[in-house]
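S.K.:
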Amino acid sequence: MATALVIENDPGDDVRRLGEWLTEAGLDLSVTRPHAGDELPADLDGYAALVVLGGDRQAYPHPDGSPGAPWFPAVEGLLRKAVRHRTPTLGICLGAQLLATAHAGTVERSPSGPEVGPAVVGRRDAAENDPLFRYVPLIPDVLQWHVDEITELPVGATLLAASTRYPHQAFRLGDRAWGLQFHIECDPAMIADWATDSALLAELGYDPQLVIDACQAVLADIEDVWQPFAARFAALALGELDDAASRRNLPLLGQ
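So the sequence shown is numbered by full-length UniProt numbering: it starts at 1 and just counts up by one.
1) Can you name the residues that DSSP bridges to Ser-91?
2) Considering only C-alpha positions, which residue in the set Glu-8, Trp-194, Gln-227, Ala-220 is nearest to Val-211?
3) Under 6 Å Cβ to Cβ from Thr-106, same chain only, skipping five residues before and after it: list those, please.
4) Is it right to say Ala-237 is buried, meaning 16 or more other beta carbons lie within 10 angstroms of its own, or is it exposed?
5) Report the residue from Thr-158, Tyr-166, Ala-162, Ile-7 whose alpha carbon sits nearest the alpha carbon of Asp-148.
6) DSSP three-state call for Arg-172: helix, strand or coil?
7) Under the rule that 16 or more other beta-carbon atoms within 10 Å means buried, what is Ser-163, buried or exposed?
8) Of the choices Ala-69, Pro-67, Ile-184, whose alpha-carbon is the least far from that of Val-218?
9) Using a Cβ-Cβ cutoff of less than 7 Å, which residues in the same chain neighbour Val-225 once the five nearest sequence positions on both sides are dropped?
10) Go through its chain and collect everything with a Cβ distance to Arg-232's Cβ below 8 Å, but skip five positions before and after it.
11) Starting from Gly-19, trace the alpha helix (DSSP H) both ways and give me its first and last residue.
12) Answer yes or no: do Gly-179 and Arg-86 have a C-beta to C-beta separation smaller than 8 Å?
13) Return the chain-ordered list of same chain residues with a C-beta closer than 6 Å to the C-beta of Asp-28, the five sequence neighbours on each side being excluded.
14) Should Gly-68 be labelled buried (16 or more other beta-carbon atoms within 10 Å of its own) or exposed?
15) Going by C-alpha distance, which of Gln-181, Thr-89, Glu-128, Val-155 is nearest Ala-104?
16) Could you check what DSSP says for Val-75 in three-state terms: helix, strand or coil?
17) For the beta strand (DSSP E) that Leu-40 lies in, which residues bound it at each end?
18) Can you tell me which of Ala-202, Ala-82, Asp-207, Pro-11 puts its alpha carbon nearest to the alpha carbon of Gly-46?
Following this line, the structure appears as structure tokens:
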């Protein structure tokens with residue numbers, strides 16, 4: 001069975017429903033938790049895909065120049081190798097931001113303020129030629145929970161989804177690496193954990209229970225869209241998705 005390396009950057013944001021969708025589609029998962037002391041591999045030899053999850057850390061350096069987490073330079077190195085060697089890659093929220101910073105994109109505290117709760121994003125025209133996004137509806141449901149944003153995409157990146165306040169919601173690098181600013185992996189328990197005693201919700205003046213209820217109300221709609229998306233990603237990693245036709249129209253990086 002083909003194996004995807006899953007990098008968990010925060011104990012509160014594990015692979016959850018996304019992991020279930022990927023394993024149901026035939027991928028085995030090898031979860032590495034550098035936040036708990038797990039050592040990251042030096043390369044992606046033996047892995048069919050790479051998934052980098054979110055977390056409550058920043059993708060850009062601290063004021064003293066130190067990385068947002070000690071292991072982030074190693075994660076960025078793996079992301080560069082993944083794009084260069086065309087290993088199917090998926091970054092979620094912080095993972096998408098690290099995919100951007102690894103390729104000279106810009107991430108910073110969002111000038112538009114935090115984005116929390118259920119939302120929709122708009123698919124861009126370029127998605128029509130994308131092997132994964134071409135089947136995503138024009139205005140899919142997503143969950144948002146971030147204070148930072150990608151303010152400048154890497155050179156050569158293709159924008160696949162946007163929203164009014166946050167223009168870089170989804171993008172692709174090369175032909176096999178995708179970044180999603182939003183969350184698709186959450187289940188009710190994860191949402192409840194994030195909302196309970198949340199300093200961010202308190203700062204915004206949001207009622208935690210109302211946020212929980214609103215998020216849970218769209219989980220079925222999110223699954224309808226993003227479970228098939230995850231299955232297509234797994235098929236690509238397994239060599240079962242014929243992306244040759246679309247690849248002729250996609251820019252390749254790291255060649």
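For every residue, glycine included, the Cβ atom is placed at its ideal position computed from N, Cα and C. Note that the coordinates shown come from a computational prediction; the quantities given were computed from them, not determined experimentally.
M.R.: Let's see:
1) What sits at residue 91 in the sequence shown is Gly, not Ser. The partner list for Gly-91 (beta bridge, DSSP) reads Val-52, Gly-179.
2) Trp-194
3) Thr-151, Glu-152
4) buried
5) Tyr-166
6) strand
7) buried
8) Ile-184
9) Val-136, Pro-137, Pro-140, Asp-141
10) Pro-131, Leu-132, Tyr-135, Leu-241
11) 16-24
12) no
13) Met-1, Thr-3
14) buried
15) Val-155
16) helix
17) Note, Leu-40: premise wrong, no beta strand (DSSP E); not H, not E.
18) Ala-82
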